[in-house]
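Here the protein sequences come in this chain order: V and F. Those letters in the first sequence? Residues 671 to 1020, by my numbering. Those letters in the second sequence? Residues 671 to 1020, by my numbering. Each residue gets a CB set at the ideal place from its N, CA and C atoms; glycine is no exception. Below is one structure; the comments refer to it alone.
Number of protein chains: 2
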Amino acid sequence: MEAMTTSAVHTPRGPVTRKDVARYAGVSTAVVSYVVNGGPKKVAPATEAKVQDAIRILGYRPNAAARALKLGSSETIGLIIPDNTNPFFSLLAHAVEDAAAELGYALLLTNSDGNLTKERRNIRNLASRQVDGVVLASVLFEPDLAALESAEIPAVLLNHGGKSPGFNSVGVDLAAGARMAVDHLIGHGHTNIALAMGTNTGHDYDLREEGWLQALAAAGLPEGPIVRGPFSREGGYAVGRRLLASADRPTAVFASSDMQAIGILRAIHEAGLNVPGDIALTSFDGAAEAEYSWPALTTVEQPVRVMAEAAVGALLGARRGEPAAHRTFPTELRVRQSCGCPAQASSATP
Amino acid sequence: MEAMTTSAVHTPRGPVTRKDVARYAGVSTAVVSYVVNGGPKKVAPATEAKVQDAIRILGYRPNAAARALKLGSSETIGLIIPDNTNPFFSLLAHAVEDAAAELGYALLLTNSDGNLTKERRNIRNLASRQVDGVVLASVLFEPDLAALESAEIPAVLLNHGGKSPGFNSVGVDLAAGARMAVDHLIGHGHTNIALAMGTNTGHDYDLREEGWLQALAAAGLPEGPIVRGPFSREGGYAVGRRLLASADRPTAVFASSDMQAIGILRAIHEAGLNVPGDIALTSFDGAAEAEYSWPALTTVEQPVRVMAEAAVGALLGARRGEPAAHRTFPTELRVRQSCGCPAQASSATP
DNA sequence: GTGAAAGCGCTAACAC
DNA sequence: GTGTTAGCGCTTTCAC
Chain V
671 MEAMTTSAVH
681 TPRGPVTRKD
691 VARYAGVSTA
701 VVSYVVNGGP
711 KKVAPATEAK
721 VQDAIRILGY
731 RPNAAARALK
741 LGSSETIGLI
751 IPDNTNPFFS
761 LLAHAVEDAA
771 AELGYALLLT
781 NSDGNLTKER
791 RNIRNLASRQ
801 VDGVVLASVL
811 FEPDLAALES
821 AEIPAVLLNH
831 GGKSPGFNSV
841 GVDLAAGARM
851 AVDHLIGHGH
861 TNIALAMGTN
871 TGHDYDLREE
881 GWLQALAAAG
891 LPEGPIVRGP
901 FSREGGYAVG
911 RRLLASADRP
921 TAVFASSDMQ
931 AIGILRAIHE
941 AGLNVPGDIA
951 LTSFDGAAEA
961 EYSWPALTTV
971 EQPVRVMAEA
981 AVGALLGARR
991 GEPAAHRTFP
1001 TELRVRQSCG
1011 CPAQASSATP
Chain F
671 MEAMTTSAVH
681 TPRGPVTRKD
691 VARYAGVSTA
701 VVSYVVNGGP
711 KKVAPATEAK
721 VQDAIRILGY
731 RPNAAARALK
741 LGSSETIGLI
751 IPDNTNPFFS
761 LLAHAVEDAA
771 AELGYALLLT
781 NSDGNLTKER
791 RNIRNLASRQ
801 VDGVVLASVL
811 FEPDLAALES
821 AEIPAVLLNH
831 GGKSPGFNSV
841 GVDLAAGARM
851 AVDHLIGHGH
861 TNIALAMGTN
871 TGHDYDLREE
881 GWLQALAAAG
891 LPEGPIVRGP
901 FSREGGYAVG
911 RRLLASADRP
921 TAVFASSDMQ
931 AIGILRAIHE
941 AGLNVPGDIA
951 LTSFDGAAEA
961 EYSWPALTTV
971 EQPVRVMAEA
981 AVGALLGARR
991 GEPAAHRTFP
1001 TELRVRQSCG
1011 CPAQASSATP
């Protein structure tokens, strides 16, 4: 007698597949697909209910690998950044994750550690994983996207000048942002304004440097000293010490990233000097950390969330055949105290 | 005549598959597999060379989805954390990514934003994506792992007391770490030591609180004030202000995370008070940011990289049938200046 | 040492 | 509205 086989149906061995659901609900596997995906065919309400019950009771979850194989899409996007430990990139990663999740995509995170070999390996790895797109903050100005191209995987470059036609990119106007920060310092009456510039592996001329130059020139001010070092707290610290030791110590400095500014701040404190009294400081990025340094940093904020949404949008747009484009977003000056502006009266009451 | 069909072979339409490689190399698809995977069968050196050439020339990259479907493993692990923007978690994410990449696994990053609904959704999502394991820093003390269990996906809980037998977990001895931090403050002569405790969604009694209590009791000191707030800079700031406004203002405070300490530091600075002169401070986690605050934070450092490696190891071990276990790692006190210790002479010379 | 072929779970023609 | 079925690209058993 077959009467007891229902118990076997209740507990299929191993993971539950669409076949188990179909059997349990007494329908074909196609119908299960239609229900799960809401199409492409319509299903009678009664049937749908039976299937939904079966899914719930059996605890069925579609196998994403099978789906990816069939569809040629993993519903996943890849992110390649130098270091997700850097506040700017961690914010970006979070924003990209949110934007992707919103559309049902998951995020594969990879760090290149500013290392070209790793970046290449990550690109290849993501390509073989059938990601539907890659957001890349490259070490290089012209990254090697061959692996992605041959797999027809769209990519979007981050904070890239957009000089490579044919590639999607999103970024901010670095020069304009830098000008804002330097102009603000000029507005405070400074005439000897240094630049602490971050150094990248292969990038060419950074437009923040140009912005600094432009602002100085426009105000008829002489070029201040330039110090260069890594985009990191440590890099900023080293650069800050050099600046302090120089003969014509500047009265203000524009740092190309918040992390560098944080390091510079430490160097200044250690020297027993005061910010902004002895040296004023502005920087770039708008990291959360910049709001809690002492004094709080006046910084040029990048609209990271908007940029992340645009990046994910561009990726998915590219899949639908939209042409590559460069999208530039405006930055905003977050005025705090490191520049010399007075502290706002705190609205919080203890 | 078929002579010219080679040109068609050279440029297979669409993505290159293992079949194209086989045809080009004049072998069967099985042999291509053997070569790509280094087994399970041996291949003659000459044949192998032909296949490797074909792979290179055609630019073949294995399809991970097909492989995942066949093998039942995506060679991917999932990470669920409250917020990858928090330095502790961003460091963890980086370390997990490294440990996973080392073994050929990729990392699917998800943020729960401290939100139970999102955490659940992320768990289910990762389960359906056939991840080979999940590292979970849960909002709850007893997360709902049903989706993972039914899919037979191992999980490892992070910084979980290890009270749930049957679950893998990795963490540090929170009480011992807290004791270290508080003992150090006691060593500086403080007798009124407050606790700034972070609040989690569903976690029960946090052992850092117990450690603080134990240290005080062991020294015969009275219980200091406790203030509670979110594990964030903002939370710390609010809590700091409350502490400063209280009648018997403490002369020292132990904060349960670096982020809170950063916020407290701001509150103290704004009040025109001095750290460590007026109020000494120690905290917990060992974030990079703690080294660059002013003054630099004395903090209990968690060995994040080691923990990440252990977590990934446990996941893969579980796949091989190893029993679940709780691994506890030692913390270390990074002595800097917020506690009252003198600054080390800096070894760097500008 | 090499090849043929079954089948992983799913989608979407196409037939009814 | 529902069912049948052909593959997506890969791994691996089994035959040779």
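Quiz prompt | Supposed close pair residue 801/F, residue 752/F - CB separation, criterion 8 Å | solution = In fact, because the Cβ distance is near 19 Å, the residues do not count as touching under 8 Å.
Quiz prompt | Chain-order list of residues whose beta-carbon lies under 6 Å from that of residue 760/F (same chain, five-residue window excluded) | solution = 754
Quiz item: In terms of DSSP beta bridges, what is residue 838/V paired with?
Solution: 826/V
Self-check item: Endpoints, beta strand (DSSP E) assigned at residue 715/V
Solution: Element bounds for residue 715/V: not the beta strand (DSSP E) but the alpha helix (DSSP H), 715-728.
Quiz item: Would the beta-carbon of residue 1034/F fall within 8 Å of that of residue 976/F?
Solution: This structure does not reach residue 1034/F, given that chain F is present from 671 up to 1020, and the question cannot be answered.
Quiz prompt | Residue of 992/F, 995/F, 966/F, 988/F minimising C-alpha distance to residue 1014/F | solution = It is 966/F.
Self-check item: Cβ-Cβ distance between residue 798/V and residue 731/F below 8 Å
Solution: yes
Self-check item: Length at least 4, wholly inside the stretch 778-804 of chain F: the alpha helix (DSSP H) runs in chain order
Solution: Counting only runs of 4 or more, we get 786-798.
Quiz item: Going by alpha carbons, who is nearest to residue 747/F out of 740/F, 792/F, 878/F, 796/F?
Solution: In terms of Cα proximity to residue 747/F, the closest of 740/F, 792/F, 878/F, 796/F is 796/F.
Quiz item: Got a sec, what are the start and stop residues for the beta strand (DSSP E) residue 953/V sits in?
Solution: 950-955 is the extent of the beta strand (DSSP E) around residue 953/V.
Exercise. Using beta-carbon positions only, say whether residue 845/F and residue 884/F come within less than 8 Å of one another.
Key: yes
Self-check item: is_contact[residue 785/V, chain F] using C-beta, thresh 8 Å
Solution: no
Self-check item: Neighbourhood of residue 1011/V by C-beta, 6 Å cutoff - its chain only, sequence neighbours within 5 removed
Solution: Around residue 1011/V: 1005.
Quiz item: If you count every other CB in all the chains shown that lies within 10 Å of the CB of residue 822/V, and 16 or more means buried, which is it?
Solution: With fewer than 16 other Cβ atoms within 10 Å, it is exposed.
Self-check item: Of the residues 929/V, 927/V, 905/V, 938/V, the one placed nearest residue 915/V, counting alpha carbons only
Solution: 938/V
Exercise. Could you run through the stretch 929-940 of chain F and flag, in chain order, every residue whose CB is less than 8 Å away from some CB of chain V?
Key: 932, 933, 935, 936, 939, 940
Exercise. Report yes or no: is there a C-beta of chain F within less than 8 Å of the C-beta of residue 694/V?
Key: no
Self-check item: The alpha helix (DSSP H) enclosing residue 759/F, as first and last residue numbers
Solution: 757-772
Quiz item: Is there a Cβ from chain V that is less than 8 Å from the Cβ of residue 734/F?
Solution: yes
Self-check item: Cut-off 8 Å between Cβ atoms - residues of its own chain near residue 757/F, not counting five sequence neighbours on either side
Solution: 928, 929, 955, 957, 958, 959
Quiz item: Roughly how many whole angstroms lie between the Cα atoms of residue 931/V and residue 784/F?
Solution: 30 Å
Practice problem: Drop a sphere of 10 angstroms on the beta-carbon of residue 711/V, count the other beta-carbons inside from all chains shown, and report buried for 16 or more, exposed for fewer. | Solution: exposed
Quiz item: Is there contact here, the stretch 721-728 of chain V with the stretch 848-855 of chain F, by at least three beta-carbon pairs under 8 Å?
Solution: no
Exercise. Per DSSP, which residues does residue 1002/F bridge with? Please list them.
Key: 971/F
Quiz item: the stretch 758-791 of chain V: which residues have C-beta closer than 7 Å to a C-beta of chain F, in chain order?
Solution: 760, 761, 763, 764, 767, 776, 777, 778, 779, 780, 781
Self-check item: Start and end residues, alpha helix (DSSP H) containing residue 844/F
Solution: 844-857
Quiz item: Nearest to residue 897/F by alpha carbon, out of 764/F, 982/F, 920/F?
Solution: 920/F
Quiz item: Which residues in the same chain have their Cβ closer than 8 Å to the Cβ of residue 687/F, if we skip the five residues on either side of it in sequence?
Solution: Listed in chain order, the non-local C-beta contacts of residue 687/F below 8 Å within the same chain comprise 730, 733, local neighbours out to five positions each way being set aside.
Quiz item: At a CB-CB cut-off below 9 Å, which residues of chain V make contact with residue 755/F?
Solution: Simply 757, 760, 761, 763, 764, 958.
Practice problem: Keeping to the same chain, check which residues put their C-beta closer than 8 Å to that of residue 672/F; ignore five residues upstream and five downstream. | Solution: The predicted position of residue 672/F is uncertain, since its pLDDT is 37 and thus under 50; a value taken from the coordinates is nonetheless stated next. There are no such residues.
Quiz item: Do residue 807/V and residue 982/V have their C-beta atoms closer together than 8 Å?
Solution: no
Quiz prompt | Candidates 1008/F, 714/F, 949/F: closest to residue 968/F by CA position | solution = 1008/F
Exercise. Take the Cβ of residue 824/V as the centre, count every other Cβ of all protein chains shown within 10 Å, and call the residue buried at 16 or more, exposed below.
Key: buried
Quiz item: Is there a Cβ from chain F that is less than 8 Å from the Cβ of residue 821/V?
Solution: yes
Quiz item: Using DSSP with H/G/I as helix, E/B as strand and the rest coil, what is residue 810/V?
Solution: coil
Quiz prompt | Contacts around residue 918/F, its chain only, beta-carbon distance under 8 Å, and the 5 residues preceding and following it disregarded | solution = 862, 895
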